[in-house]
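Shown next, in structure tokens, is the structure this report addresses.
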Amino acid sequence: MTAAVTADAVGDGRGGRRHRTAPGWLLGLAGLAGLMALAEAVPRAGLVKERFLPPFSDMVSALADEAGTGAFWRALLETLRGWAIGLAVATAAGVVLGVVIGGLPPVRAAMASTIEFLRPIPSVALIPLAVLLYGTTMRATLLLVVYASFWQVLVQVLYGVRDVDPVARETARSYRFRTLTQVRTVLWPTALPYVMTGFRLAAAVALILEITGELVIGSPGLGKQIAVAQSSGAVASMYALVIVVGLIGVVVNVIVRAVERRVLRWHPSVRREVVS
Amino acid sequence: MTVPAALRRALLLLGMPVVLVAAWWTATAGSTDFFWPPLRTILGTFDDTWFHGRITSDVLPSLGRLAAGYLLALALGVGLGVAIGSVRVLRALLEPVLEFFRAIPSPVLVPILMLFAGIGNGMKILVIVSGCVWPVLLNTVEGVRALDEVLQDTARCYRMRPHSRLVHLVLRGASPQITAGARQALSIGIILMVISEMFAASNGVGFTIIQFQRGFSIPQMWSGIILLGLIGIALSAAFHVVETRVLRWYTGLRRAQREG
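Here you go:
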């Protein structure tokens, strides 16, 4: 299990920033430009029917049209609001339960199998239930978002709590720190990097489930706009909305990583990166 | 392991799940709430609902599509990942593009791929591939990039041939990251299997559950939710078995490092 954590820490591409020089940065831009050019040229040349893949310029003008409507901005707001609320609830619940379960070894031992059982249950299995309980409202989607992102946080917090240095814990106990002080001074600093990893994973998962919920259930948001565009044959605006959703994903990633670096700036893993 | 220790372990493993199921059972035992039928009723319909015909007409096609899409994504992700990871220029060129594609929540690709591939098996497999390939691809790139330099130099000194270099050095060395990506991809794959069937299908587990929900066959719908949960648990257990086998050298290495 530790293997997974390290692999993920390595796998988030953070190491790459360091080596990136100006040419690399330029090459990245060239790659993006190439993608856009390809998306323009392929339908223009007739390799793919424009009905399936409109030229990139059509997508951009469709996006400009969308940006002029109030419905687009309302949908964007709905999506971001559902995402933020779901992520906040899941993070709070995951951290509190994680600290309680992880901090009490007997509870931890008793809960381990239950968590392993519940975690792989796919969140989309709850879609029919969510629809029955809440209809096509935001709460139906919120249920999915909270359920899916909760596990990401909880599991990471449990890893983090387990990672606490036994000597530090024993020292705190010998000095008879109160429980809350122990949690604050010993447990929390150790667990924080794991909490941030969990938060980063949860932020991405929450966005996926928010959009999925809107798309499949039909609760208000960008996902619903995509479904509407698809069923009304507005292919260019469908692509435009998908691009917007992708950009939201990129922005979310960037912001969460910035928050992570800020919160953990005292931590060796971040300090080392800045030094070198 | 002594008998009491084994007993203790079994109690720890099964205690809480049994308590929870029992709690569900008793809490809903006399339930007349339409949406929360008694667990007894749900389990009673489970056999009728799934084991008489639906297992071959719905469950197996779903799992077949999942397997096809997942394996295709693994092959594609590892292949492209090794190529991108070992060529610096390619990596710099494609990194922002890949970041963007990864950031697109894969379910929104369902309507797009429906345009291209209709609503048949091809579309569903394509959806699964298009969602599963990113975690595998990006983790492979990172894994290949983070290969041990001493090992790389050693391989060069011994003039290993490209093929054995690939098998013994690159794929081996990157396998911890590749499996981490493959695990993420598996849960995404299950989600996409269900989503693509909820959208448009004539068979499959996701399709059937939505039919039950629309027809207000609540106990049957619950049995479908339980079935999906069981599928998720079984697949993640199977993955764990494969993972421990593939990464046995790695866990051993880490243990040795920690002790040493």
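First to last, the protein sequences are chains H and V.
Residues 1 to 276 (our numbering) are what the first sequence spells out, left to right.
Residues 1 to 260 (our numbering) are what the second sequence spells out, left to right.
Note that CB positions come from ideal geometry on N, CA and C, so glycine has one too.
DSSP places V/H240 within a helical segment (H, G or I) once states are collapsed to three. Only buried fits H/A140, as 16 or more other CB atoms lie within 10 angstroms of its CB. Considering only beta carbons, no part of the stretch 142 to 161 of chain H lies closer than 7 Å to chain V. V/R161 and V/H168 have their C-alpha atoms roughly 10 Å apart. Note that the C-beta distance between V/S130 and V/L109 is below 9 Å. For H/R261, no Cβ of chain V is located within less than 9 Å of the residue's own Cβ. The distance from the Cβ of H/G28 to that of V/A92 is about 6 Å, consistent with a contact at the 8 Å cut-off. By the criterion of at least three beta-carbon pairs nearer than 8 Å, the stretch 204 to 214 of chain H is not in contact with the stretch 48 to 67 of chain H. Taking the C-beta atoms as reference points, V/M193 is found nearer than 9 Å to V/I128. In its chain, beyond the 5 residues on either side, I125 have a beta carbon closer than 6 Å to the beta carbon of V/A68.
Neighbours of H/P122 in chain V, taken as residues at a C-beta separation under 9 Å, are given in chain order as S187, I190, I191, M193, V194, L228, G229, I231 and G232.
Interface annotation, V/S31: not in contact with chain H, CB-CB separation never under 9 Å. Assigned with DSSP and collapsed to three states, H/G94 falls in helix.
One thing to note: V/D148 has its Cβ within 9 Å of the Cβ of V/G173. Secondary structure of V/M193 (DSSP, three-state): helix. Counting only Cβ-Cβ distances below 7 Å, H/P54 has no contacts in chain V at all, with the closest Cβ about 11 Å away. Apart from the 5 residues on each side of it in sequence, V/A29 sits with its Cβ closer than 6 Å to the Cβ of P38 in its chain, given in chain order. By the rule that beta-carbons nearer than 9 Å mark a contact, V/M198 touches chain H. For H/L129, the uninterrupted alpha helix (DSSP H) segment begins and ends at I127 to Y134.
Taking a Cβ-Cβ cut-off of 7 Å, the neighbours of V/L20 in chain H comprise T114, given in sequence order. Annotated as proximal: V/F212 and V/Q220, with beta-carbon spacing under 9 Å.
Close to H/M59, with beta-carbon spacing below 7 Å, lies no residue of chain V; the smallest spacing is near 12 Å. For V/Q213, the closest Cβ of chain H is nearer than 9 Å. Rounded to the nearest angstrom, the gap between the Cα atoms of V/V141 and V/A180 is 12 Å.
Under the three-state reduction of DSSP, V/F101 is assigned to helix. Between V/L12 and H/F117, the alpha-carbon positions lie close to 13 Å from each other. Straight through space, the alpha carbons of V/R65 and H/G233 are spaced by roughly 27 Å. With distances taken between CA atoms, H/A191 lies nearest to H/G103 out of H/G103, H/R178, H/V131 and H/T79. Cβ atoms of V/N139 and V/I178 come within 8 Å of each other, at about 6 Å.
Counting only the Cα atoms, H/P122 lies some 15 Å from H/V216. Cβ atoms of V/F34 and V/I218 come within 8 Å of each other, at about 6 Å. For the C-beta of V/F100, the chain H residues within less than 9 Å are, from N- to C-terminus, L32, L35, I243, G246, L247, G249 and V250.
No Cβ of chain H is located within less than 9 Å of the beta carbon of V/S86.
Taking C-alpha positions only, H/R162 is separated from H/A30 by approximately 45 Å.
Closest in C-alpha terms to H/V245, from the list H/E50, H/V157 and H/A75, comes H/A75. Taking the Cα of V/T41 as reference, the smallest distance to any Cα among V/P135, V/W25 and V/A182 is reached at V/W25.
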